[in-house]
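Last residue of the sequence shown: 139 (this note's numbering), numbering continuous.
A virtual CB, placed ideally from N, CA and C, is assigned to each residue, including glycine.
Model, not experiment: these values are computed from the prediction.
As structure tokens, the structure follows; a few thoughts come after it.
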Amino acid sequence: MTTHKAPLLLLKKDYELLIDHLQKNDPPLMYDKQIQQQQLEKIKTASILPVDDFPNSASRLYSTVIIRDTVNRINLEYKLMPPDEADEQAGGISALSLFGLALMGLQQGESFTWQLSGRKKYYAVVEVRNSTFI
């Protein structure tokens, strides 16, 4: 679970790709149908922006997001990937994983809370790297 101050922000083509993966369940996702439905609802209620209106500083598919655990003071780096391209060994996280979707649309300086198994973690976005401008 994550707490965002603003609604989820998605690039239109990322939205279409993620919705397609969720609806087809292809590749099969690693969580149950209830969580899959929650992810689908979260994406459906996102702010969807066309390329011309999407900020180049916001995370999207293929972005590298560096976040800081503000309590333990360590940086973590993730690359947001479509589910069929995610490779955790190489640092690629599926944008449809619970944590991956929490990272979508974030910009440098934003912070968020992640709660899992009753424990809260506090993160701040240190940097968002996009390989190309859109």
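query	result
Asn80 versus Asp74 - alpha carbon distance	6 Å
Beta-carbon contacts of Tyr20 that lie in its chain and below 7 Å, excluding the five residues immediately before and after	Ile48, Ala51, Ile53
Proximity below 9 Å, CB of Leu13 to CB of Gly105	no
Closest by C-alpha distance to Glu132, when choosing among Leu45, Glu82, Ile71	Ile71
Ala107 classed as buried or exposed, judged by whether at least 16 other C-beta atoms fall within 10 angstroms	buried
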